[in-house]
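Numbering (this note's numbering), first residue to last: 2 to 467.
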């Protein structure tokens with residue numbers, strides 16, 4: 002058989018089975034520090050689809066933009082669902098495989114089979130009030146983002162009107178978690194301890210497993226509360242749209258919303274801030290003109306927070322790139338690599354204020370991220386408020402020396418050190434921002450806030466930086 006790629010010349014398909022190719026490890030030190038070079042090396046060696054080793058398990062990594070779209074848009078030919086993984090069903094995936102726990106939590110991002118469609122429909126229904134700008138819940142959400150952003154910025158200001166801050170730890174990571182707590186409808190500041198546990202899970206430290214157990218138990222308790230007394234929040238809406246969900250299933254869905262969305266949004270905020278601070282004058286000008294989303298689109302084109310999607314699996318032997326993908330083979334699409342595919346990147350204009358919408362950061366096809374509008378709204382509102390409240394922001398390190406953290410899925414900054422100058426007085430929100438009194442409604446009681454583990458942690462960062 003033959004395939005077309007590159008300059009249009011035909012090449013013979015390699016029918017060698019994935020298990021026989023002895024792929025090289027993907028998650029190396031080079032990958033952590035310079036993933037773009039690793040992707041390019043794989044592209045040069047294998048073309049748009051490459052065999053890789055993921056911590057001892059072989060998989061196909063899709064590097065080409067065209068091939069990525071083919072997989073993402075063909076949910077019948079490349080479905081999700083670990084039950085479709087041949088090596089796993091044959092017992093060839095180690096029981097202690099490090100990526101196993103994150104893929105075994107069978108929530109909407111992972112799930113395949115007949116249970117997915119009603120679950121996705123319920124997600125779409127439950128998220129609509131928060132994503133439709135005409136809905137009161139969407140307006141309250143935007144008010145909450147602004148209020149939480151102001152709260153965090155004011156806390157940074159306790160270290161002085163000018164000074165040094167880590168905008169990752171002190172703003173871009175806690176902000177989306179606090180907003181997610183608002184979405185989940187945690188009473189008062191009760192969700193703050195859950196947010197700290199979510200942080201521990203995301204950092205994958207030695208206490209991550211215990212934190213995950215506590216977090217899932219807390220989310221199940223929250224679900225039981227919403228069953229007894231529904232509110233205007235995501236868990237209540239999801240239960241109403243999908244009454245058959247058990248509390249255990251609901252906890253997994255809430256875990257996905259809390260973890261995936263918040264980490265993605267936090268990275269997007271940090272990356273956008275770096276783009277604005279270190280970018281050309283046109284970047285700052287576009288931001289001041291209210292084009293935050295255009296700046297974000299450029300950011301996700303070059304530095305997508307989600308660099309590799311969770312796996313899909315070929316239903317039947319399928320030619321893809323220069324190889325034949327066998328039925329049951331795992332296929333990981335890499336938007337980080339696809340955006341750098343010369344066949345795509347060479348057609349994206351550089352140095353323009355208007356960006357392309359053809360990026361794959363939220364996926365594509367029928368399983369595109371259901372919360373993409375919500376996440377974009379939170380990130381844009383957070384970034385916008387940050388630059389309204391600070392008169393001056395500069396990187397405290399050269400942009401090429403900022404520390405990055407990589408995982409098989411995400412890539413973001415470990416820290417974002419900046420020199421700042423806070424404005425003399427908070428700028429009043431714009432006309433479409435929070436209505437008078439709304440900020441007080443969405444923020445918890447301050448005495449309770451001060452007792453929460455999240456707030457003690459954030460306050461400790463200020464004291465430690467003095």
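Note that CB positions come from ideal geometry on N, CA and C, so glycine has one too.
Leaving out five residues on either side along the sequence, give the residues of the same chain with a beta carbon under 6 Å from the beta carbon of residue 407.
-> Here residue 407 refers to the residue found at position 406 of the chain shown. Closer than 6 Å at Cβ, skipping near neighbours: 33.
So the alpha helix (DSSP H) residue 373 belongs to, where does it begin and stop?
-> Start at 1 with the first residue of the chain shown, and residue 373 comes out as number 372. Here the alpha helix (DSSP H) through residue 373 covers 373-390.
Expressed to the nearest angstrom, what Euclidean distance is found between the alpha-carbon atoms of residue 332 and residue 424?
-> What you label residue 332 is simply residue 331 of the chain shown in a count that begins at 1. What you label residue 424 is simply residue 423 of the chain shown in a count that begins at 1. The alpha-carbon atoms of residue 332 and residue 424 are separated by roughly 49 Å.
DSSP three-state assignment for residue 325, whether helix, strand or coil | Taking the first residue of the chain shown as 1, we reach residue 325 at position 324. Three-state result, residue 325: strand.
Starting from residue 232, follow the alpha helix (DSSP H) in both directions and report where the run begins and ends.
-> The count along the chain shown starts at 1 and reaches residue 232 at position 231. Taken as a continuous stretch (DSSP letters only), residue 232 belongs to no alpha helix (DSSP H), as it is neither H nor E.
Return the Cβ separation of residue 198 and residue 174 in integer angstroms, given the expectation that the two are a contact with Cβ distance under 8 Å.
-> Taking the first residue of the chain shown as 1, we reach residue 198 at position 197. Taking the first residue of the chain shown as 1, we reach residue 174 at position 173. About 14 Å separates the two Cβ atoms, so there is no contact after all.
Quick one: Cα of residue 422 to Cα of residue 137, how far?
-> In the chain shown, residue 422 corresponds to position 421, counting from 1. In the chain shown, residue 137 corresponds to position 136, counting from 1. Going from the Cα of residue 422 to the Cα of residue 137 covers about 35 Å.
Below 7 Å CB to CB, which residues in the same chain sit around residue 26 once its five sequence neighbours on both sides are set aside?
-> Here residue 26 refers to the residue found at position 25 of the chain shown. Only 54 meet the Cβ criterion.
Hey, out of 372, 157, 24, 257, whose CA is closest to residue 473's CA?
-> The displayed coordinates of the chain run from 2 to 467. Any statement about residue 473 would go beyond what the structure contains.
What three-state label does DSSP hand residue 243 in the structure shown?
-> The sequence position of residue 243 within the chain shown is 242, counting from 1. In the structure shown, residue 243 sits in coil (DSSP, three-state: anything other than H, G, I, E or B).
Rounded to a whole number of angstroms, what is the C-alpha to C-alpha distance between residue 194 and residue 212?
-> Within the chain shown, residue 194 is the residue found at index 193, counting from 1. Within the chain shown, residue 212 is the residue found at index 211, counting from 1. Each residue's Cα considered, the two are about 10 Å apart.
Could you check what DSSP says for residue 314 in three-state terms: helix, strand or coil?
-> Position 313 of the chain shown holds residue 314. Three-state DSSP puts residue 314 in a strand.
Give me the Cα-Cα distance between residue 78 and residue 72, rounded to the nearest whole angstrom.
-> As a first step, residue 78 must be located in the chain shown, where it is residue number 77. As a first step, residue 72 must be located in the chain shown, where it is residue number 71. So the alpha carbons of these two residues sit roughly 8 Å apart.
Report back the beta-carbon spacing between residue 273 and residue 126 to the nearest angstrom; my notes put them in contact at under 8 Å.
-> Here the question's residue 273 lines up with position 272 in the chain shown. Here the question's residue 126 lines up with position 125 in the chain shown. Not a contact, Cβ separation roughly 30 Å.
Buried versus exposed call for residue 295 [16 or more other C-beta atoms within 10 Å across all chains shown] = Walking along the chain shown from the start, residue 295 turns up at place 294. Burial call: buried.
Beta-carbon separation (whole angstroms), residue 148 vs residue 269, contact threshold 8 Å | Taking the chain shown and counting its residues from 1, one reaches residue 148 at position 147. Taking the chain shown and counting its residues from 1, one reaches residue 269 at position 268. Actually they are not in contact, since the Cβ atoms of residue 148 and residue 269 sit about 20 Å apart, beyond 8 Å.
Reduced DSSP category for residue 19 - H, G, I as helix; E, B as strand; rest coil = As a first step, residue 19 is located in the chain shown; it is residue number 18 there, counting from the start. It is helical.
Considering only C-alpha positions, which residue in the set 102, 411, 370, 297 is nearest to residue 338?
-> The residue you call residue 338 lines up with position 337 of the chain shown. Of the listed residues, the one whose Cα sits closest to residue 338 is 411.
If you compare alpha carbons, which of 111, 207, 58 is closest to residue 84?
-> For this step, residue 84 is matched to residue 83 along the chain shown. Cα-wise, what sits closest to residue 84 is 111.
Own chain partners of residue 271 with C-beta closer than 6 Å, once the 5 adjacent residues on each side are dropped | What you label residue 271 is simply residue 270 of the chain shown in a count that begins at 1. Cβ within range, chain order: 169, 173, 414, 417.
Is the number of C-beta pairs between the stretch 87-102 and the stretch 224-233 that are closer than 8 Å three or more?
-> no
Determine the closest residue to residue 62 out of 334, 39, 293, with distance taken between C-alpha atoms.
-> For this step, residue 62 is matched to residue 61 along the chain shown. It is 334.
Start and end of the alpha helix (DSSP H) containing residue 273?
-> By one-based count along the chain shown, residue 273 stands at place 272. Element bounds for residue 273: 263-279.
Would residue 65 pass as a contact of residue 82 if the rule is Cβ separation under 9 Å?
-> As a first step, residue 65 is located in the chain shown; it is residue number 64 there, counting from the start. As a first step, residue 82 is located in the chain shown; it is residue number 81 there, counting from the start. No; because the gap between Cβ atoms is not below 9 Å, this pair is not in contact.
To the nearest angstrom, how far is it from the Cα of residue 218 to the Cα of residue 104?
-> For this step, residue 218 is matched to residue 217 along the chain shown. For this step, residue 104 is matched to residue 103 along the chain shown. So the two alpha carbons sit approximately 19 Å from each other.
How many Å lie between residue 433 and residue 370 at the Cα?
-> The count along the chain shown starts at 1 and reaches residue 433 at position 432. The count along the chain shown starts at 1 and reaches residue 370 at position 369. With a pLDDT of only 46 at residue 433, under 50, the local geometry of the prediction cannot be trusted, and no value is derived from it.
If you compare alpha carbons, which of 119, 226, 362, 343 is closest to residue 308?
-> Here residue 308 is taken as the residue at index 307 of the chain shown, counted from 1. When only C-alpha atoms are compared, the closest one is 362.
Output yes or no for whether 9 Å exceeds the beta carbon distance between residue 394 and residue 420.
-> Numbered from its first residue, the chain shown carries residue 394 at position 393. Numbered from its first residue, the chain shown carries residue 420 at position 419. Yes, the pair counts as a contact, with Cβ atoms nearer than the cut-off.
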